[in-house]
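Asker: The structure's right below; bear with me while I get my questions together.
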Amino acid sequence: MSEWRVDTIAAQRRPVTGLIGEDVAPAIHSTVAFAAPTVEAFAELAVRSRVDDFYTRYGNPNHAETASVIAALEGGETALLFASGMAAITATVLTFAAGSRVVAQRQLYGGTVGFLEEIAPRLGIEVVFVDHDDIDDFETALRRPTSLVLLETPTNPLLGVTDIAAIAPLAHHAGAIVAVDATLGSPINQRLLELGADIVLHSATKYLGGHGDLTAGVAVTSNTLAERMWNDAYLFGATLSAHDAWLLQRGLRTLPMRVRHQNESASAVATYLDGHPSVVAVHHPSLATHPQAELIARQMTGPGGVLSFEVGGGLGAAEQVVTRLQIASRAASFGGPLPAVVLPARMWSGMGSAAVERMVPAGLIRLAVGFEHPADLIADIDQALTER
Ligand SMILES: *Cc1c(COP(=O)(O)O)cnc(C)c1O
Numbered sequence: 457m458s459e460w461r462v463d464t465i466a467a468q469r470r471p472v473t474g475l476i477g478e479d480v481a482p483a484i485h486s487t488v489a490f491a492a493p494t495v496e497a498f499a500e501l502a503v504r505s506r507v508d509d510f511y512t513r514y515g516n517p518n519h520a521e522t523a524s525v526i527a528a529l530e531g532g533e534t535a536l537l538f539a540s541g542m543a544a545i546t547a548t549v550l551t552f553a554a555g556s557r558v559v560a561q562r563q564l565y566g567g568t569v570g571f572l573e574e575i576a577p578r579l580g581i582e583v584v585f586v587d588h589d590d591i592d593d594f595e596t597a598l599r600r601p602t603s604l605v606l607l608e609t610p611t612n613p614l615l616g617v618t619d620i621a622a623i624a625p626l627a628h629h630a631g632a633i634v635a636v637d638a639t640l641g642s643p644i645n646q647r648l649l650e651l652g653a654d655i656v657l658h659s660a661t662k663y664l665g666g667h668g669d670l671t672a673g674v675a676v677t678s679n680t681l682a683e684r685m686w687n688d689a690y691l692f693g694a695t696l697s698a699h700d701a702w703l704l705q706r707g708l709r710t711l712p713m714r715v716r717h718q719n720e721s722a723s724a725v726a727t728y729l730d731g732h733p734s735v736v737a738v739h740h741p742s743l744a745t746h747p748q749a750e751l752i753a754r755q756m757t758g759p760g761g762v763l764s765f766e767v768g769g770g771l772g773a774a775e776q777v778v779t780r781l782q783i784a785s786r787a788a789s790f791g792g793p794l795p796a797v798v799l800p801a802r803m804w805s806g807m808g809s810a811a812v813e814r815m816v817p818a819g820l821i822r823l824a825v826g827f828e829h830p831a832d833l834i835a836d837i838d839q840a841l842t843e844r
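Everything in the sequence shown is counted per my numbering, starting at 457 for the first residue and increasing by one.
This is the structure in structure tokens:
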């Protein structure tokens, strides 16, 4: 299986139950608990780590099968599923903060920044922020013993890219585990465990689920780390429902096809925007003008479906453009059938203006392509950018 291409892995089943005739589509194990045949078997299941057939908060056959497909796509040993991307991220920080020092990049998903700035210090965890594109900055921060290095690549919403192969050895030297939020890239465009990451995190709500109808998170890692995380995570209780785990697997079956379409489509939109006179900046890994184009060529095999751009005139002008768009929905999240457009400065305004200003330019528009034909989306953006 490890030699198979991603299309083949994503489409296959990896069933955990041993029937003779097997369902070609997985069944949904919509059950809270699993009855043991004997009292001895019950006692054995009750103490087994990462058990799939005892109590669904501990594990469930739908979790096991879906997690094993994601682990295979990432080239990792195993994966843990969570009720959301944030649950995967917070479980990672809370499990590995024993030494109480986290080095994190400054450009991170808004929710992750909120957790690291507001909640982690309250729990006695020291967080040091560094620039994702400054290896010297990482080197300095990692001169002290560290528990966890938390990265994100490409970043949401500015599409910054972090050099995992350069940072992982520095982190390991400081005694840290490297966790990377790889949501925007998906396993189709980058395989970060091979570059030295210890944990790859996804908001499966986005590309892995792929249809805008479920919220889930995943951590792909080694058996040893998964065991350590599971020991806390089943008590944190952010359990994915069996139904959503099943739905996530259904989404995974088309992941490679969807992501390839979205790669191409977003590249076409980025190229169009890059040549438009009212657009002052475009951020997408497909562009030769991306400040990290050389790293992108080494680290990514596709650019992803999320891009962001700025129009002259700041927030007011950006709001007008977003108002005029017809195909794109004005909705948070991305990775599903509909293109989605947001003003990050507005979306995260609840975090306080100073925090948002530090993270994103006021007039930034984030656009994620969907399954539509790129020519229709470009025509729609073209009319939205045209002054009337
Ligand atoms: C959406 C997102 C998250 C949070 O995921 P949820 O499933 O909404 O909890 C984390 N990281 C990135 C990069 C995201 O885009």
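Each residue gets a CB set at the ideal place from its N, CA and C atoms; glycine is no exception. Model, not experiment: these values are computed from the prediction.
Whose C-beta lies closer than 7 Å to the C-beta of residue 702 among residues of the same chain, with five residues either side of it excluded?
Answerer: 482, 484, 518, listed in sequence order.
Asker: At a cut-off of 8 Å, would you count residue 639 as near ligand 1, judging by its Cβ distance to the nearest heavy atom?
Answerer: Correct: residue 639 has its Cβ closer than 8 Å to ligand 1.
Asker: Between which two residues does the beta strand (DSSP E) holding residue 571 run?
Answerer: Per DSSP, residue 571 belongs to no beta strand (DSSP E) and is neither H nor E.
Asker: Cβ of residue 823 less than 9 Å from any chain D Cβ?
Answerer: No chain D appears in the structure shown, which is made up of a single protein chain.
Asker: Residues bridged to residue 557 by DSSP?
Answerer: Looking at the DSSP assignment, residue 557 forms a beta bridge with 582.
Asker: Any heavy atom of ligand 1 within a distance shorter than 8 Å of the CB on residue 765?
Answerer: No; taking the cut-off as 8 Å, the Cβ of residue 765 has no heavy atom of ligand 1 nearer than that.
Asker: How would you label residue 631, buried or exposed, when you count the other beta carbons within 10 angstroms and need 16 or more for buried?
Answerer: The residue is exposed, with fewer than 16 neighbouring Cβ atoms inside 10 Å.
Asker: Spatial neighbours of residue 585 within its chain, please: C-beta separation below 6 Å, excluding the five flanking residues on both sides.
Answerer: Same-chain partners within the cutoff: 560, 562.
Asker: Check whether the Cβ atoms of residue 470 and residue 521 lie closer than 9 Å to each other.
Answerer: Yes, Cβ-Cβ distance for residue 470 and residue 521 is below 9 Å.
Asker: For a test of your reading of the model: does the CB of residue 723 fall under 8 Å from any non-hydrogen atom of ligand 1? Yes or no.
Answerer: Result no, Cβ not under 8 Å from ligand 1.
Asker: Compute the distance between the beta-carbons of residue 512 and residue 544, then report whether it is under 9 Å.
Answerer: The answer is no: Cβ separation not under 9 Å.
Asker: Just checking residue 523 against ligand 1 - is the residue's beta carbon closer than 8 Å to any of the ligand's heavy atoms?
Answerer: Flag unset: Cβ of residue 523 not near ligand 1.
Asker: If you draw a straight line from the alpha carbon of residue 670 to that of residue 723, how long is it in whole angstroms?
Answerer: Taking the straight line from one Cα to the other gives about 26 Å.
Asker: Rounded to the nearest angstrom, how far is the Cβ of residue 541 from that of residue 658, given a contact under 8 Å?
Answerer: Between residue 658 and residue 541 the Cβ distance is about 7 Å, and since that is below 8 Å, they are a contact.
Asker: On the three-state DSSP scale, how would you describe residue 487?
Answerer: Reduced to three states, the DSSP call for residue 487 is coil.
Asker: Is any non-hydrogen atom of ligand 1 found closer than 8 Å to the C-beta of residue 574, if you look at the structure I gave you?
Answerer: Residue 574 Cβ: outside cutoff for every heavy atom of ligand 1.
Asker: Would you mind listing the alpha helix (DSSP H) stretches within the region 633-692 that are 4+ residues and don't spill past its ends, in chain order?
Answerer: Entirely contained in the region 633-692, the alpha helix (DSSP H) runs reaching 4 residues are, in chain order, 642-645, 679-692.
Asker: Going straight from the alpha carbon of residue 695 to that of residue 538, what length do you get?
Answerer: Straight-line Cα distance between these residues: approximately 5 Å.
Asker: Quick check: is any heavy atom of ligand 1 less than 8 Å from the C-beta of residue 608?
Answerer: Checking every heavy atom of ligand 1 against the Cβ of residue 608, one is found closer than 8 Å.
Asker: Is residue 821 helix, strand or coil by DSSP?
Answerer: The answer is strand: DSSP assigns residue 821 an E or B state.
Asker: Nearest by alpha-carbon distance to residue 700: which of 487, 477, 592, 836 is it?
Answerer: The residue with the shortest Cα to Cα distance from residue 700 is 487.
Asker: Express the C-alpha separation of residue 566 and residue 849 in angstroms, rounding to a whole number.
Answerer: Only positions 457 to 844 of the chain appear in the structure, and residue 849 is not among them; the question remains open.
Asker: Given a threshold of 16 other Cβ atoms within 10 Å of its Cβ, counted over all protein chains shown, does residue 616 qualify as buried or as exposed?
Answerer: Buried, since its Cβ has 16 or more Cβ neighbours within 10 Å.
Asker: Starting from residue 598, follow the alpha helix (DSSP H) in both directions and report where the run begins and ends.
Answerer: Run containing residue 598: none; DSSP gives neither H nor E here.
Asker: For residue 740, name the three-state secondary structure that DSSP assigns.
Answerer: Three-state result, residue 740: coil.
Asker: Just grab the DSSP bridge partners of residue 550 for me.
Answerer: DSSP lists no partner for residue 550.
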